[in-house]
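2 protein chains.
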Amino acid sequence: MNETEFLSSLARRSSDPAISWLMKLTLDQPDLISLAAGFTDNETLPVAEVGALTTELMRDDAAGRAALQYGSTAGDPELRKLTLERVCAQDGITPSAALTADDVVITNGSQQLLYLLSEVLCDPGDIVLVEDPTYFVYLGICEALGIEATPVRLEPDGISLDELKRTLQRLKDGGALSRLKFAYLVTYFQNPTGWTTSFEKKREAFAILRHYEAAAGHPIFVLEDAGYRDLRFTGPDTPSLKSLDPANERVAYSNTYTKPFATGIKVGYGVLPRPLVRHVLRSKGNHDFGSANFNQRLIALALRSGTYDRHLPKMQAGYRRRKELMGDALKKHFPSSAQWQEANGGLYFWPELPASHDTSRDGAIFRAALDAGVLYVPGDLCFASSPLRPKPKNCMRLSFGGTPSAQIEEGIKRLGAVLRTRGL
Amino acid sequence: MNETEFLSSLARRSSDPAISWLMKLTLDQPDLISLAAGFTDNETLPVAEVGALTTELMRDDAAGRAALQYGSTAGDPELRKLTLERVCAQDGITPSAALTADDVVITNGSQQLLYLLSEVLCDPGDIVLVEDPTYFVYLGICEALGIEATPVRLEPDGISLDELKRTLQRLKDGGALSRLKFAYLVTYFQNPTGWTTSFEKKREAFAILRHYEAAAGHPIFVLEDAGYRDLRFTGPDTPSLKSLDPANERVAYSNTYTKPFATGIKVGYGVLPRPLVRHVLRSKGNHDFGSANFNQRLIALALRSGTYDRHLPKMQAGYRRRKELMGDALKKHFPSSAQWQEANGGLYFWPELPASHDTSRDGAIFRAALDAGVLYVPGDLCFASSPLRPKPKNCMRLSFGGTPSAQIEEGIKRLGAVLRTRGL
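Protein chains in written order, with the numbering used here: chain B, 6 to 429; chain H, 6 to 429.
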């Protein structure tokens with residue numbers, strides 16, 4: 006059967022996600038230590054708490070019935086209200102006529118919002134600016150939707166403002182700026198680097214983007230992915246890009262309740278610019294006409310009862326311990342020619358090797374690591390294709406999130422030995 | 006702001022779903038009796054059962070942790086296995102090398118599968134055959150994706166085979182058959198009519214579709230939406246179209262666990278033709294990389310423990326009572342010029358008035374019904390546009406699913422009075 010005869014363009018553009026072959030490698034070699042999975046900490050999952058919450062939810066007959074019935078496409082009204090209050094409190098801003106619970110949409114994890122927003126804004130050939138490197142699943146969305154993901158170099162405090170300006174100017178000069186719809190920025194403990202964008206860079210990047218709107222002929226939106234914001238275990242919080250958009254016209258802010266709590270419950274949300282709300286809702290209506298109401302009521306109860314906020318410090322302490330285990334092991338076992346930043350939150354370290362060393366799937370390091378019984382995410386997967394630079398192949402994403410803590414040092418030790426035997 | 010300057014073609018094609026204004030009418034007039042909502046029976050929701058299931062799931066620490074962690078894109082392996090066994094048992098077929106649990110994908114309700122399958126098979130301008138009338142939310146998906154939904158008249162035992170042949174021949178003669186990707190058939194207690202496709206018609210329709218594949222130049226798939234199959238309260242079950250496809254090459258079968266159990270938990274599934282599995286999974290990977298694992302484990306436990314199957318007869322008895330209430334009220338209060346079939350399952354009656362009477366949103370009957378405090382779904386919403394016939398405007402969808410049983414007769418009485426005062 007020739008599949009190109011019946012598949013859509015979208016399906017023909019899509020390829021198997023990296024996660025497929027990474028998982029297959031894990032399954033094929035059960036003694037492998039995986040530092041590749043973006044899984045969250047199994048050890049601090051709130052099993053007893055979720056048991057108690059569901060018992061409480063089902064004890065009240067009316068509340069139980071409401072949770073087991075359909076909800077609306079936008080989501081549970083109480084959860085939307087709590088979400089708005091929570092985001093505003095985190096950012097030190099206040100709800101206003103421009104920013105209400107009607108601008109909040111509850112989604113199947115934050116991932117769904119990335120898809121919905123890309124789908125309602127972009128036709129094939131349109132452009133989205135992405136960090137370089139960026140969240141590799143988002144590159145898969147771009148591929149499927151035919152979006153040109155255009156990379157802007159990421160520095161430890163956010164994208165390079167000089168490169169942002171050069172990129173926008175180049176698009177303008179080439180007559181391509183009208184195809185630029187938004188910038189996708191993972192601003193907290195980014196996947197894969199673990200880096201956080203400073204507030205100063207948010208402000209300047211946002212101003213630069215707005216400056217080019219006249220030439221674009223339409224708004225240039227920002228999709229701020231704050232999915233790791235609450236996995237912060239050191240240092241102060243940073244206000245969001247959303248806080249720089251009091252008129253609620255440009256920034257779509259996405260986050261998840263369940264990455265810091267229990268990923269299996271999968272409740273995310275978007276706080277959307279007013280002009281996009283109805284379009285995202287129409288599309289979500291077609292996708293599933295609303296996320297599971299049960300999960301939303303459960304999270305609303307977790308928030309209302311204080312269970313959620315009591316869990317956060319436990320979860321953060323769990324990640325801090327894991328991060329320290331990995332950080333200490335890296336210092337002990339990795340060669341000094343490898344460079345990385347300390348993580349203050351999130352799930353990842355992002356070591357960079359000297360440029361001549363190839364960490365990609367087909368390179369010798371990845372193979373040798375597999376032979377040594379350790380798996381990582383090759384860094385090149387996180388870079389968009391670009392005619393302006395080859396994909397860097399000398400980085401690796403190491404996750405301390407899902408690996409059993411007893412295996413973290415051993416995994417890093419094996420990987421360090423692989424690097425040292427290769428002359429690093 | 007001129008939205009057409011920044012929205013995608015998909016967003017520009019999309020319009021607000023009918024459910025939006027129907028819900029708004031309900032909210033604006035709180036004493037309204039709504040016979041419009043496709044909600045499920047609130048009275049038989051298994052509140053105590055779900056409480057007990059979650060308690061059991063969280064009591065076992067390992068099972069609890071697994072449920073609260075990420076799962077895979079395709080879904081929980083146990084639930085996929087149970088699903089295959091269940092579908093095969095219902096259809097009296099056996100799993101084979103061609104039909105395994107690997108062909109099962111767990112989705113966010115069955116709705117998500119409709120979207121995913123349409124997205125991976127159809128480009129704008131492609132054609133899907135739909136029943137006339139059909140599930141109106143599916144027409145919204147077609148609109149968004151730019152699919153030409155081409156109607157084939159539905160009779161009480163399934164689509165008209167003569168009209169199916171004529172339609173296929175017309176497409177062939179017009180050189181359009183290569184754009185036909187699949188037929189979307191709601192084969193059990195259809196939404197909106199409540200009608201069930203006979204096995205004989207399934208067999209013949211499937212043979213007719215296959216006959217035209219040579220001219221199409223590619224497979225013509227069938228998407229069999231069996232979402233109401235388990236809401237059967239009278240008469241025997243009918244084998245699926247899937248049972249006619251032992252090689253697992255053509256029929257995508259979709260159903261939901263939660264419409265007959267608890268819609269708020271929202272777990273659906275597809276049993277997919279082998280050639281489509283990887284494409285649907287790639288797309289689902291982009292949408293959400295897997296449905297909430299917690300809900301899947303909960304449903305798997307409900308199945309394994311027998312809770313699910315013990316609930317079904319209670320739920321079916323609840324719907325039978327509601328259907329009898331509405332059927333009796335229709336006989337008592339509706340004019341004899343209105344025609345309908347008795348429902349043996351599902352949620353709907355579909356009365357047809359003499360052709361001159363307009364039930365549409367802008368017609369006098371709909372307005373008069375609102376004034377009388379009763380809401381229905383105007384039947385014209387369920388018909389695809391077609392150059393070959395005007396949309397029938399003389400039907401109405403009446404749901405006995407979500408309306409409190411104490412209100413069903415009163416709602417029908419009000420509606421009957423409206424029809425009688427209009428000379429019916």
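Virtual Cβ for every residue (Gly too), placed ideally from N, Cα, C.
{"Asked": "Spell out the partners DSSP gives Thr434 (chain H) in its beta bridges.", "Found": "The displayed coordinates of chain H run from 6 to 429. Any statement about residue 434 (chain H) would go beyond what the structure contains."}
{"Asked": "Anything in chain B within Cβ reach of Lys29 (chain H), meaning under 7 Å, just list it in chain order.", "Found": "None at all; the shortest Cβ gap to chain B is about 11 Å."}
{"Asked": "Between H:Gly311, H:Arg309, H:Ala307 and H:Pro197, which has its C-alpha nearest Gln346 (chain H)'s C-alpha?", "Found": "H:Pro197"}
{"Asked": "Looking only at C-alpha atoms, which of B:Pro138, B:Ser310 and B:Asn298 sits nearest to Glu54 (chain B)?", "Found": "B:Ser310"}
{"Asked": "Return the chain-ordered list of same chain residues with a C-beta closer than 8 Å to the C-beta of Arg215 (chain B), the five sequence neighbours on each side being excluded.", "Found": "Ile225 and Arg255"}
{"Asked": "Can you tell which of B:Trp200, B:Ser20 and B:Leu277 has the C-alpha that lies nearest to the C-alpha of Val125 (chain H)?", "Found": "B:Ser20"}
{"Asked": "May I ask you to list the residues that DSSP assigns as paired with Asp353 (chain B)?", "Found": "For clarity, residue 353 (chain B) is Tyr in the given sequence; the question names Asp instead. DSSP output for Tyr353 (chain B) lists B:Ser404 as bridge partner(s)."}
{"Asked": "How about Leu58 (chain B) and Ala267 (chain B): are their beta carbons less than 8 Å apart?", "Found": "no"}
{"Asked": "State the Cα-Cα distance for the pair Ser404 (chain H) and Ser391 (chain B), rounded to the nearest angstrom.", "Found": "54 Å"}
{"Asked": "Suppose only complete runs of 4+ residues qualify. What are the alpha helix (DSSP H) ranges in the stretch 139–221 of chain B, listed by chain order?", "Found": "141–150, 166–178, 204–216 and 218–221"}
{"Asked": "Beta carbons nearer than 9 Å to chain H: which residues of the stretch 151–184 of chain B have them?", "Found": "Ser183"}
{"Asked": "Is any beta-carbon of chain H found at less than 8 Å from that of Pro224 (chain B)?", "Found": "yes"}
{"Asked": "If we call anything under 8 Å between Cβ atoms a contact, is Tyr258 (chain H) one with Val276 (chain H)?", "Found": "yes"}
{"Asked": "Measuring straight from C-alpha to C-alpha, what distance separates Leu269 (chain H) and Ala252 (chain B)?", "Found": "The sequence given here has Gly at residue 269 (chain H), not Leu. Going by the C-alpha atoms only, they are around 34 Å apart."}
{"Asked": "Closer than 7 Å, Cβ to any Cβ of chain B: which residues of the stretch 110–121 of chain H, in chain order?", "Found": "Asn113, Gly114, Gln116, Gln117 and Tyr120"}
{"Asked": "Which whole-angstrom value is the C-beta distance of Leu286 (chain H) and Val110 (chain H), which I expect to be below 8 Å?", "Found": "6 Å"}
{"Asked": "From this set, B:Thr60, B:Ser115, B:Leu73 and B:Ser101, which residue's C-alpha is nearest Pro265 (chain B)'s C-alpha?", "Found": "B:Ser115"}
{"Asked": "For Met63 (chain B), decide whether its Cβ has a neighbour in chain H, counting only Cβ atoms nearer than 8 Å.", "Found": "yes"}
{"Asked": "Run down chain B in chain order and give the residues with a C-beta less than 7 Å from the C-beta of Cys127 (chain H).", "Found": "Ser13"}
{"Asked": "Starting from Leu228 (chain B), trace the beta strand (DSSP E) both ways and give me its first and last residue.", "Found": "Phe226 to Asp230"}
{"Asked": "State yes or no: is the C-beta of Phe354 (chain H) within less than 8 Å of the C-beta of Gly145 (chain H)?", "Found": "no"}
{"Asked": "Is the Cβ of Lys319 (chain H) closer than 8 Å to any Cβ of chain B?", "Found": "no"}
{"Asked": "Applying a beta-carbon distance threshold of less than 7 Å, which residues of chain B neighbour Glu8 (chain H)?", "Found": "Pro280"}
{"Asked": "Run through the stretch 355–421 of chain H for me and flag every whole beta strand (DSSP E) of 3 or more residues, listed as ranges in chain order.", "Found": "401–404"}
{"Asked": "Once DSSP output is grouped into helix, strand and coil, what is the label at Gln344 (chain H)?", "Found": "strand"}
{"Asked": "Please name the residue in B:Arg402, B:Glu136, B:Glu83 and B:Phe187 whose C-alpha comes closest to that of Glu218 (chain B).", "Found": "B:Phe187"}
{"Asked": "Taking C-beta pairs closer than 9 Å, name the residues in chain H that Gln195 (chain B) reaches, listed in chain order.", "Found": "Chain H residues near Gln195 (chain B): none, gap ~18 Å exceeds 9 Å."}
{"Asked": "At 8 Å on the CB atoms, spell out the chain H contacts of His292 (chain B), in chain order.", "Found": "Asn113, Gln116, Gln117, Tyr120 and His292"}
{"Asked": "Let me make sure I understand the geometry here. Which of H:Cys387, H:Lys418 and H:Arg394 has the alpha-carbon closest to that of Gly378 (chain H)?", "Found": "H:Lys418"}
{"Asked": "Who are the Cβ neighbours of Glu83 (chain H) in its own chain at under 6 Å, not counting the five residues just before and after it?", "Found": "Ala305"}
{"Asked": "Quick one: residues in its chain with C-beta nearer than 8 Å to the C-beta of Phe11 (chain B), no 5 flanking neighbours on either side, listed in chain order?", "Found": "none"}
{"Asked": "Roughly how far, in whole angstroms, is the beta-carbon of Phe204 (chain B) from the beta-carbon of Pro244 (chain B), given that I think they are within contact range, below 8 Å?", "Found": "6 Å"}
{"Asked": "Whole angstroms is fine: what's the gap from Ala71 (chain B)'s alpha carbon to Gly222 (chain B)'s?", "Found": "46 Å"}
{"Asked": "Which of helix, strand or coil does DSSP assign to Ile270 (chain H)?", "Found": "helix"}
{"Asked": "Return no unless some Cβ of chain B is closer than 8 Å to the Cβ of Gln74 (chain H).", "Found": "yes"}
{"Asked": "Could you check if Thr364 (chain B) is buried or exposed, using at least 16 other CB atoms within 10 Å of its CB as the buried criterion?", "Found": "buried"}
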